[in-house]
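Participant:
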Amino acid sequence: MATNENLPPNVIKQLAKELKNLDESPPEGIKVSVNDDDFSTIFADIEGPSGTPYENGVFRMKLLLSHDFPQSPPKGYFLTKIFHPNIATNGEICVNTLKKDWNPSLGLRHVLIVVRCLLIEPFPESALNEQAGKMLLENYDEYARHARLYTGIHAKPKPKAKSGAISESTTALNVDPSSTNSALGSKKLPPGPAPLTASSKGTAANSNDQNIPVVTGPSAPLKKEAGTAKALADKKKIDARKKSLKRL
1 MATNENLPPN
11 VIKQLAKELK
21 NLDESPPEGI
31 KVSVNDDDFS
41 TIFADIEGPS
51 GTPYENGVFR
61 MKLLLSHDFP
71 QSPPKGYFLT
81 KIFHPNIATN
91 GEICVNTLKK
101 DWNPSLGLRH
111 VLIVVRCLLI
121 EPFPESALNE
131 QAGKMLLENY
141 DEYARHARLY
151 TGIHAKPKPK
161 AKSGAISEST
171 TALNVDPSST
181 NSALGSKKLP
191 PGPAPLTASS
201 KGTAANSNDQ
211 NIPVVTGPSA
221 PLKKEAGTAK
231 ALADKKKIDA
241 RKKSLKRL
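In full-length UniProt numbering, the protein residues as written are 1 to 248.
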């Protein structure tokens, strides 16, 4: 691996200043990763511009600086797979800024901005990916469909961890009835059976099954006592009649 020792001291000083500036004030849609021990490899995450087939994607790229930088332009590569006329299947970037239009006075900020602009306006005439270049010229809708497909598969941004996830999970263990009711919302539990009274028991039994005899609470022993009293009264009447017949 190349290290800072392979770069001239004046270049290291200039790069350190520029990388600090990129870190503190990054260009729109670009975030640079800095390795203080190795300025010869610059990594950047580029957000797909709005209104393009690369929208909602995040693409990682790298710039490789040669030992005679900035006299020679850096080489750019996309590490994230992308369907683009000016980006080869191996990730190599073809843009004039990194080739014939290179100027030692150009900084890394300018290079990164040009690469992102390439996602907005490709140049199919100088295509490294011939399929993408031909498709862009002949059928833009089909080209855009392919580019969106690649974006959705390979350039998905990593989901951010939710803050307070641990506290939320532990709080969930202490179930509060009020919170449970609010969580259920309109889904109400079915009401339980109402307690049956003596009269309701009889009514429910008669309405559901006519063949089952109904015992309605305390009224049963009352009927039994009434029947016993009637039998005693009848016996007394019979004894009285017997006594009157003897007298005759």
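Note that the Cβ used here is the ideal one computed from N, Cα and C, for glycine as well.
With a 10 Å radius around its C-beta and 16 neighbouring C-beta atoms as the bar for buried, classify R145 as buried or exposed.
Facilitator: Burial call: exposed.
Participant: Using CA coordinates, which residue listed in K75, L64 and K31 is at the minimum distance from V58?
Facilitator: The candidate whose alpha carbon is nearest that of V58 is K31.
Participant: Using the rule of at least 16 other Cβ atoms within 10 Å of the residue's Cβ for burial, across every protein chain shown, is G152 buried or exposed?
Facilitator: The residue in question, G152, is exposed, as its Cβ has fewer than 16 Cβ neighbours within 10 Å.
Participant: Please go through the same chain and pick out, in chain order, the residues whose beta-carbon is closer than 8 Å to the beta-carbon of K99, but skip the five residues on each side of it.
Facilitator: If we look at K99 and ignore the five residues flanking it on each side, its Cβ neighbours are P73.
Participant: Could you tell me whether any non-hydrogen atom of the ligand FMN is closer than 6 Å to the CB of L65?
Facilitator: No copy of the ligand FMN appears in this structure; indeed no ligand is present at all.
Participant: Can you confirm whether the segment 77-92 touches the segment 120-135 when touching is taken to mean that 3 or more C-beta pairs between the two stretches lie within less than 8 Å?
Facilitator: Cβ pair count under 8 Å is three or more, so yes.
Participant: At which residues does the alpha helix (DSSP H) containing E47 begin and terminate?
Facilitator: Unbroken run through E47 is the beta strand (DSSP E), T41 to E47; no alpha helix (DSSP H).
Participant: In the DSSP assignment, the beta strand (DSSP E) including K75 goes from what residue to what residue?
Facilitator: Where K75 is concerned, the enclosing beta strand (DSSP E) stretches over K75 to F78.
Participant: In whole angstroms, what is the alpha-carbon distance linking A127 and N90?
Facilitator: Computed Cα separation, rounded: 13 Å.
Participant: Report the start-end ranges of each alpha helix (DSSP H) in the UniProt domain "UBC core" (10-156) that is 4 residues or longer and not cut off at the edges.
Facilitator: Whole alpha helix (DSSP H) segments, 4+ residues: 108-120, 130-138 and 140-154.
Participant: Would you call the CB atoms of Y77 and E92 closer than 7 Å?
Facilitator: Closer than 7 Å, so yes.
Participant: Going by the CB atoms, is the gap between T52 and L108 shorter than 7 Å?
Facilitator: No.
Participant: Apart from the five residues on each side of it in sequence, which residues of its chain come closer than 8 Å, Cβ to Cβ, to P27?
Facilitator: The answer, listed in chain order, is R109, L112, I113 and R116.
Participant: Secondary structure at L7, three-state DSSP: helix, strand or coil?
Facilitator: Reduced to three states, the DSSP call for L7 is coil.
Participant: What whole-angstrom Cβ distance do P49 and G29 have, given they're in contact under 8 Å?
Facilitator: Yes, P49 and G29 are in contact; Cβ-Cβ is about 7 Å, under 8 Å.
Participant: When you compare only the Cα positions, how much space is there between F43 and D141?
Facilitator: Cα to Cα, F43 sits roughly 31 Å from D141.
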